[in-house]
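Working notes, beginning with the structure itself.
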Amino acid sequence: MLRCLFGAGLAGVCLLSAGCGPTAGVEVMVQPHLAFDPISPHAYGDAPLAVNATSLSPAPIAYSLVSGPGTLSGKTVTLTSAGTVVLSATQPATATYAGATAQISFDVARAGNALLFMPIGPHTYGDRSFVLVATSTSASTGPITYQVMAGPGVVSGNRLTLQGAGTIVVRATQAADPNYVAATVDTSVSVAKAASVFDFAFVPTHTFGDAPFAVNAASDSSGAVTYALVSGPASVSGNIVTLTGAGRVTLSASQASDANYLAGTATAAFSVARAPNSVTFDAIPAHAFGDAPFTVSATSSSRSSSPVTYQLVSGPATLAGQTVTLTGAGSVVLSASQAIDTNYAAATAETTLPIARATNSLILSPIPDQVFSNPPPTVTLAATSSTSSTSVITYAVVSGPGTVSGSVLTISGAGQMTVRATQASDANYRAATAQTSFQVTNANHLLTFDGIASHTFGDPPFTVTASSGATTPIVYSVVSGPATISGRVVTLTGAGSVVLRADQAADANYSAQTAQSSFAVAKGSATLAFVPVTGVIDGDPPFAVSATSKSTGAVTYSLVSGPATLSGDRVTVTGAGTVTLAARQASDANYAVSTAQTTFTVAAPNTSATGLIEHVVVIFQENVSFDHYFATYPNATNPAGEPLFTALPNTPAVDGLSPRLLTRNPNAANIRNGAGAINPFRLDPANAATADQDHNYQAEQMAFNGGAMDLFPLSVGAADGPALATNGPAATTGLTMGYFDGNTVTGLWNYAQHFALSDHFFATNFGPSTPGAINLVSGQTNGVVNDGNAQGGMLPDGYGGSSIIGDPDPFNDICSNVGAGVVHMIGRNIGDLMNSAGISWGFFTDGFDPTLVNPNGTTGCRRSHHSTITGRTTADYIPHHQPFQYYASTANPTHARPVSTSLIGKAGDGGTAHQYDLHDFFDALAAGNFPTVSYLKAPAYQDGHAGYSDPLDEQAFIVSVLNTIQKTPQWSKTVVLIAYDDSDGWYDHEFKIVNGSAGAGDAFTSKGFCADGTTALPGVASATLHAQGRCGYGPRLPFLVVSPWAKPNYVDSNVLDQTSIMRFIEDTFLNGQRVGQGSFDTIAAPINPLLDLRRSTPQNMHTVLLDPVTGVVTSVN
């Protein structure tokens, strides 16, 4: 058959269809020209529109929506959003017209949009910040943002904070969304000046004569303040008040307005008391009866205008004005008075004048020398007085051979005679005496010393002799020089020249005689000897030596030979060996130069804890940075009502927060921290319960900010909730900047006082609890295997393995949360080494015993405690805090119980694999079974982890443990280490050793490299050269060594990390064997500098017991 199609203006075209034959007919078909009527542009929100298509064919037209934001009902299109709409029209064939299809598309634009500001009333500078509200006239979902276009204000989010008076122009902007265009609207806020709070109410009372003083009116305004005198005896210059008298003074202060405050005026009044006054008698010389009249005067201490008046109070005198006339001897009392005047108080003074008796003198007539004879001669004595004294004159023999009767002297022998005349005092005249001497001679004789040889100081006492012809005894004495004499025996007291004297009294035939003799005493020999020096060990601090003798000469010291230096008397040993010292003592008055030598041995120090330490206890706590607990050590604030901490003398400082870091911290200066951009601030015991900070592997590295240490609030900060936030900083991400001091973490500060503290102990890697716990026991976070749902806690190491960077639970532990992710670790840990060496050890975790029932009735994996400080009830056992459970060789997945207390920690203890409950440690300790190595994990509410624990609950645990251990017989051979698993994200400023990366994983520079270009640590497999997920060191953490072997009150700054604890155990008990397989223990620094291991006995052997609640010291023994 032929089918012919006709279109407008076209001749028919016939097509030969298959099956045509001679009898086929001809079918003529016409093209209908189906087409849509034009559609004008539209916008979202327009009313439904009708569409139409036209055609030559009468066949019905069917419409459909091909694509685009709309719906079609018949010919009516309803727009559902902005975009491009495509429509289709379809018409079937008829007998005449062929079937046809047509399409049309049109754009639907975004709808219009407008913003309206909610009305903002007038404000005054000082008003609180308030919320801006702008609403859209459309249903746009675009976010609305606010900004200050002009004026004294700042917007944070939708809150406007006023920064001054004036007009603030604020703009609200709504971004476009898929269906609505963007919109902007401005509004103005009028901010009036605030009334100035002007404080000028109080000026203290003053006294006339006070020095000029300043007054100050306090105000929030910066306007200039001027001061003026309203009334009263004063003058004002600037703000300096000068008092001109006594009375009532009123001042005024006026403050001009400034940009933000109105002008203000205030007055203040105060009283000026009269100035104190005193009257003082001018000095009055001593007087005696008979002196001429004299004048007295008194001086006022003030400028009082009142005259000074005088009065006789008592005594033998008369007073006329200021003139005193004496009428006898005795005591004269005078007074001086000055009445008050306008500016000065009254004053009175008294003075007492002792009036001595008048001087009297006697003249005793001289007596010529006499010769003794028989009968005895007599002399009449005569004396006369210079005054009218009424007393009788008497006579007496002062010395010599004679007697007096009345005024007659009778001489009874030869010798020197002295007689005295005496007139006693009367009421007005003093007593008087007069003497005269004369010689009564006799025959003479010769007295001489026998010869005295020279001597040396130190000689024994010796006898001297003098001889004469007289029969009277000879008396010996020392005239001068270093000697004493008793009878005839001389004792030498020093070197020099000695002069002796011999005296012989006259006898019947000879007069008295005297003789002298001298001899030399040479200097003696002093025996100089060293005080023995013993027990010196290389490394001892400098010490003083001493050499002594009887001499007072200066001793100087010198080094003869040996490993030492000498400065003055202080010896500094420089090595082991034999040291010889010399001493020289200079001569003194009595001894010649002397020398001496001494020799002592300097022993080589012991450097290993092996054989000295038998027990190591590791108290492994949670989530504290060094600055969070020790930022201001050893300086505590000590407010009233909090536990008192006072540092011991000579306590060393730590690398804590300097004044600059406390007041101008880079985190406060970095605006990227937003509202959390604050300086470090003190948290007191009332703030002990805080929110947990972000301490993930990436977040901690971001906080370091390449070593700037200034993004802690942004990267790891978490604010306290309303129940905990007691101050502004705690309610922001700036909470990460909070720190405690010795009034909260009192116990740890007291342990640092008496034992050793490290201020450079770091987390081995970045990240939360599990990496820290794994590093404690293996030093290797590579080699983790995902046993289900743990992808988020792992990081591919770049070699087909993974490193652990999160907190998945250990695989197969009956208390693990499989849904949250479980893993196991390959490789070795230190437990494997201790097992091979047969060392007793255990990891003791509270809540591990599933058979125990807690006081609150909880048991199994749900054992728990409630903290009254945090207000939370927390499970005691947290599986990802138990590192040995991750290793098949040391895991106790079913929490099997020990066979017996005596086997705890030992190889035969059933299936425990050395993993126990905390009570098992104390049970074993009480039974005398103290494991060689013990790891202690507190119940969660006491482990220090912010969010569910706190420093006060933690303190109770640590103190209780240490009080118990210190009371054991094994204390002298025990070292207790207090360490932490991670920083919790709390701020710490130290960045000396960190090799941190700067973003997700370690891929910030290239695979396996940390941000500073150093390579990451190797993995478990030998081919894993630089395993990703091992960048470190991480944040700095507290670390204390409590032991009789710890250096007392000592701070060590050597760089340590969590695997330094492994190394100490390996060096002490395993002959230095290492875990290997990329473990950090091969490069970790030793903790030995915190210990004094030089001698075979501990040098810090005492106990320090604390109160578990307050942390204060209760006894030191």
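Position in the sequence shown (from 1) plus 58 gives the number in our numbering.
All C-beta atoms, glycine included, are put in the ideal place defined by N, C-alpha and C.
Note that the structure is a prediction, hence the values are computed from the model and not measured.
In this structure, Val330 and Pro291 form a Cβ contact; the two beta carbons are roughly 6 Å apart against a cut-off of 8 Å. By the neighbour-count definition (other C-beta atoms within 10 Å, threshold 16), His953 is a buried residue. Under the criterion of beta carbons closer than 8 Å, Pro989 and Ile1023 do not qualify as touching, at roughly 12 Å. Rounded to whole angstroms, the gap between the alpha carbons of Asn648 and Ala654 is 19 Å. The C-alpha of Phe901 is placed about 6 Å away from the C-alpha of Leu994.
Boundaries of the beta strand (DSSP E) harbouring Thr903: Trp899 to Thr903, taken from the DSSP string. Ranked by Cα distance from Asp95, the options Ser163, Ala735 and Tyr755 are led by Ser163. The alpha-carbon of Ser254 is positioned some 58 Å away from that of Asp934.
Bridge partners of Pro96 according to DSSP: none are assigned. DSSP assignment within the stretch 772 to 821 yields the following whole alpha helix (DSSP H) runs of 4 residues or more, N-terminal first: 804 to 812. The beta carbons of Thr657 and Thr636 sit about 6 Å from each other, so the pair counts as a contact at 8 Å. The stretch 143 to 154 makes no contact with the stretch 193 to 201: fewer than 3 CB pairs, one atom from each, lie closer than 8 Å. For Pro829, the uninterrupted alpha helix (DSSP H) run begins and ends at Ser827 to Val835, by DSSP.
Counting only the Cα atoms, Tyr487 lies some 9 Å from Thr448.
Residue pairing of Phe175 in beta bridges, as defined by DSSP: Ala192.
Inclusion of Phe739 and Gly714 in the CB contact set at 8 Å is not warranted, their separation being larger than that value. If you look at Thr406, you'll find it isn't in any alpha helix (DSSP H); it sits in the beta strand (DSSP E) that goes Ala405 to Ala414. In the three-state DSSP reduction, Gly732 falls in the helix class (H, G or I). A distance below 8 Å separates the beta carbons of Ser312 and Thr323. Setting aside the 5 residues that flank it on each side, Pro434 is surrounded in the same chain by Thr468, Ile469 and Ser470, each with a C-beta closer than 7 Å to its C-beta; the list follows chain order. Residue nearest to Leu891 within the set His513, Val1133, Val249 and Thr606 is Val1133 (criterion: CA-CA distance). Distance from the CA atom of His673 to the CA atom of Glu1124, rounded to whole angstroms, is 13 Å. Taking a 10 Å sphere around the C-beta of Thr521, we find fewer than 16 other C-beta atoms and assign the residue as exposed. Judged by their CB atoms, Pro941 and Ala848 are not nearer to each other than the 8 Å cut-off.
One Cα belongs to His972, the other to Asn725, and the distance between them is close to 45 Å. Residue pairing from DSSP places His513 in a beta bridge opposite Val579. Under DSSP, Lys995 shares a beta bridge with Thr903.
For Arg1121, the enclosing alpha helix (DSSP H) covers residues Thr1117 to Phe1127. The stretch 177 to 185 and the stretch 153 to 160 do not touch, with fewer than three beta-carbon pairs separated by less than 8 Å.
When the five nearest sequence neighbours on each side are left out, the beta carbons in the same chain lying within less than 7 Å of the beta carbon of Val294 are those of Tyr285, Ala286, Leu287 and Leu309, in order along the chain. Across the set Gly473, Gln474, Gln493 and Ala472, the C-alpha of Gln493 shows the shortest separation from the C-alpha of Thr480. Taking a cut-off of 8 Å for Cβ pairs, the stretch 1009 to 1026 and the stretch 941 to 950 do not touch, as fewer than three such pairs fall below it. If you check the CB distance, Trp1103 and Asn1158 come in under 8 Å. Every unbroken stretch of the beta strand (DSSP E) spanning 3 or more residues and falling wholly within the stretch 630 to 655 is given here in chain order: 635 to 643. DSSP links Met883 through a beta bridge to Val842 and Tyr945. By the neighbour-count criterion, in which 16 or more other beta carbons inside 10 Å mark a residue as buried, Ala821 falls on the buried side.
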